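S.K.: What follows is a single structure, and I will ask about it in a moment.
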Amino acid sequence: MISAREKSPLTGHVDVWYCFTDDHRLDNRLDQYEAMLSPAESLQYQQLMHGSNGRDYLISRALLRTVLADYSNVSPEKISFCVNAYGKPELSNSDRQETIQFNTAHTSGLTVCVVTRGNDIGVDVESRAESRSVLNMADDYFSTLELQALNGRADDQQLDYFYRYWTLKEAYIKARGEGLTIPLQDFSVVLDEQGAFSSFVGPEADRWDFSIVCKNINYTAAIAMGGKINSIAYSHSIPLGVQVQLSADKAFNHFPVSASGSRNRMNG
Numbered sequence: 001m002i003s004a005r006e007k008s009p010l011t012g013h014v015d016v017w018y019c020f021t022d023d024h025r026l027d028n029r030l031d032q033y034e035a036m037l038s039p040a041e042s043l044q045y046q047q048l049m050h051g052s053n054g055r056d057y058l059i060s061r062a063l064l065r066t067v068l069a070d071y072s073n074v075s076p077e078k079i080s081f082c083v084n085a086y087g088k089p090e091l092s093n094s095d096r097q098e099t100i101q102f103n104t105a106h107t108s109g110l111t112v113c114v115v116t117r118g119n120d121i122g123v124d125v126e127s128r129a130e131s132r133s134v135l136n137m138a139d140d141y142f143s144t145l146e147l148q149a150l151n152g153r154a155d156d157q158q159l160d161y162f163y164r165y166w167t168l169k170e171a172y173i174k175a176r177g178e179g180l181t182i183p184l185q186d187f188s189v190v191l192d193e194q195g196a197f198s199s200f201v202g203p204e205a206d207r208w209d210f211s212i213v214c215k216n217i218n219y220t221a222a223i224a225m226g227g228k229i230n231s232i233a234y235s236h237s238i239p240l241g242v243q244v245q246l247s248a249d250k251a252f253n254h255f256p257v258s259a260s261g262s263r264n265r266m267n268g
C-alpha cells in the first residue's frame, strides 16, 4: 500500500484519478464534500444542486480537493486556487505550487482529475452519445487534416474517432490555458491506424504529447501535456474513502471495491 502523500509525481509521469458520480458509496459522504467547498464553489453548487448537474459538480470538486491534498500537504478544505488571465486554475497555497500541475474535467456520471509535475497539462472527458448528429460539429471545429482523416474512416468508426479527436483537442486547449483564443481549426491531432495518438501539427509541435486514457462504450477521455508523457497511472477514488490503483485496461470499466473500505492503493 502506498499513500499518495508519500510520493510526488515525477517529471513525465501523469496520475489519472477518476470517480463515477453515480456510485452509491458516495451517498453518505455528500455533506462532507459540501463542507470542503470554498464560498465561490458553494454558490456554484447551490445554483446547480436542484438540477441534474449538481451532484456531478459537487463530487468533481471533492475529487479535485482530496487528490490535491495528497500532493500539496494542505487539507482538502484549505486548498486554495487562483486562476490565470483566461481562468485556468492553479494552486495558490501549496509549498509545491510551482511543480504540481493539474487539470480536471467532468461529464454526466464521471469526473476525472490529472496531476503531473512541472509540465502544463489538460484533460477532457466526454459522455458518448449514440446519435451520429454530433458528427456535424466536426465541420466547425476540426482542421482540414482531421476532417479528411475522420471522413476516411468506415461509417461504424466515425463516432468513436470523433470523440477521440474532440477530447484530444479540448485537452490541448485546456493545457495551454489560453481559453478559446486558440482556434480549434488551427492545429491538428493525427491518429494512427489503431486510433492512438501519432503526431501533432501546431505551435511548438515537438513540445506536446497526447494520450487517450479512456475509450469505452460510455466515455472517451484524453490528456495533453507540454512535455513527454513517459508513464501514466490510473486510480479510482471515493473522495475521503477508498482509492484503488488499476491497470490501464481495467480503468474506467467498473466500480472497484475494497474489502476494508478504508483508503488504500492496490495494484490492479
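For the sequence shown, UniProt numbering assigns the number 1 to the initial residue and increments by one for each residue that follows. Where a beta carbon is used, it is the ideal one built from N, C-alpha and C, also for glycine. None of the values given here were measured: they were computed from a predicted structure.
Helix, strand or coil: which one does DSSP assign to Asp209?
M.R.: Reading the sequence shown from its first residue, position 209 is the one you call residue 209. Strand at Asp209.
S.K.: Whose C-beta lies closer than 8 Å to the C-beta of Tyr45 among residues of the same chain, with five residues either side of it excluded?
M.R.: Translated into positions along the sequence shown, residue 45 becomes position 45. Glu34, Leu37, Gly54, Tyr57, Leu58, Arg61.
S.K.: Please say whether Thr116 and Val14 have beta carbons closer to each other than 8 Å?
M.R.: Numbered from 1 along the sequence shown, position 14 holds the residue referred to as residue 14. Numbered from 1 along the sequence shown, position 116 holds the residue referred to as residue 116. Yes; because the gap between Cβ atoms is below 8 Å, this pair is in contact.
S.K.: Considering only residues of the region 98-159, which uninterrupted beta strand (DSSP E) runs meet the minimum length of 3 residues and lie entirely inside it, listed in chain order?
M.R.: You should have 100-107, 110-117, 121-127.
S.K.: Three or more C-beta pairs closer than 8 Å, one from the region 114-129 and one from the region 146-166: is that the case here?
M.R.: Verdict: yes, contact present.
S.K.: At the level of alpha carbons, what is the spacing between Tyr18 and Leu64?
M.R.: Your numbering for residue 18 matches position 18 in the sequence shown. Your numbering for residue 64 matches position 64 in the sequence shown. If you take the alpha carbons of Tyr18 and Leu64, they lie about 9 Å apart.
S.K.: Is His50 helix, strand or coil when you go by DSSP?
M.R.: Along the sequence shown, read from residue 1 onward, the residue named residue 50 stands at position 50. Here His50 sits in coil by DSSP.
S.K.: Can you give the Cα-Cα distance for Ala248 and Asp155, rounded to whole angstroms?
M.R.: On the sequence shown, position 248 is the one that residue 248 refers to. On the sequence shown, position 155 is the one that residue 155 refers to. So the two alpha carbons sit approximately 27 Å from each other.
S.K.: Would you say the region 129-142 touches the region 199-206, given that touching needs at least three Cβ pairs under 8 Å?
M.R.: In short, these stretches do not touch, since the Cβ pair count stays below three.
S.K.: Thinking C-alpha only, which one of Lys88, Glu90, Leu191 is nearest Asp209?
M.R.: Residue mapping note: residue 209 aligns to position 209 of the sequence shown, counting from 1. Looking at the Cα atoms, Leu191 is the closest of the given residues.
S.K.: Which one or two residues does DSSP pair with Lys215 in a beta bridge?
M.R.: As a working note, residue 215 is residue 215 in the sequence shown. Bridge partners of Lys215: Thr220.
S.K.: Identify whether Ala62 lies in helix, strand or coil by the three-state DSSP scheme.
M.R.: For the purposes of this step, residue 62 is taken as the residue at position 62 of the sequence shown. Three-state result, Ala62: helix.
S.K.: Out of Ala221, Leu246, Ile238, state which residue places its alpha-carbon closest to the alpha-carbon of Thr107.
M.R.: Taking the sequence shown and counting its residues from 1, the one referred to as residue 107 is at position 107. Among Ala221, Leu246, Ile238, the Cα nearest to that of Thr107 belongs to Ala221.
S.K.: What is the rounded straight-line gap between the Cα of Ala4 and the Cα of Arg176?
M.R.: Counting from one through the sequence shown, the residue named residue 4 turns up at place 4. Counting from one through the sequence shown, the residue named residue 176 turns up at place 176. Unreliable placement is indicated for Ala4, whose pLDDT of 47 sits below 50; the coordinate value is still reported in the next sentence. Cα-Cα distance, rounded: 26 Å.
S.K.: Just the C-alpha distance for Asp23 and Val83, rounded to the nearest angstrom, thanks.
M.R.: For the purposes of this step, residue 23 is identified with residue 23 of the sequence shown, where counting begins at 1. For the purposes of this step, residue 83 is identified with residue 83 of the sequence shown, where counting begins at 1. Distance between the alpha carbons of Asp23 and Val83: 30 Å.
S.K.: How big is the Cα-Cα spacing for Leu135 and Ala233?
M.R.: As a position in the sequence shown, residue 135 is number 135, starting the count at 1. As a position in the sequence shown, residue 233 is number 233, starting the count at 1. Using only the alpha carbons, I get a separation of about 31 Å.
S.K.: Between which two residues does the alpha helix (DSSP H) containing Tyr33 stretch?
M.R.: Stepping through the sequence shown from its first residue, residue 33 is reached at position 33. Here the alpha helix (DSSP H) through Tyr33 covers 30-35.
S.K.: Which residues mark the beginning and the end of the beta strand (DSSP E) in which Ala196 is found?
M.R.: Position 196 of the sequence shown, counted from the start, is the residue given in the question as residue 196. Careful: Ala196 lies outside any beta strand (DSSP E) and carries neither H nor E.
S.K.: Could you give the distance in angstroms between the alpha-carbon of Cys214 and the alpha-carbon of Asn253?
M.R.: What you label residue 214 is simply residue 214 of the sequence shown in a count that begins at 1. What you label residue 253 is simply residue 253 of the sequence shown in a count that begins at 1. Going by the C-alpha atoms only, they are around 9 Å apart.
S.K.: Given a cut-off of 8 Å, decide if Leu150 and Gln158 are closer than it, judged by their beta-carbon atoms.
M.R.: Indexing the sequence shown from 1 puts residue 158 at position 158. Indexing the sequence shown from 1 puts residue 150 at position 150. Contact flag set, yes.
S.K.: Which residues in the same chain have their Cβ closer than 8 Å to the Cβ of Ser75, if we skip the five residues on either side of it in sequence?
M.R.: As a first step, residue 75 must be located in the sequence shown, where it is residue number 75. Excluding residues within five positions, the ones whose Cβ falls inside 8 Å are Ala69.
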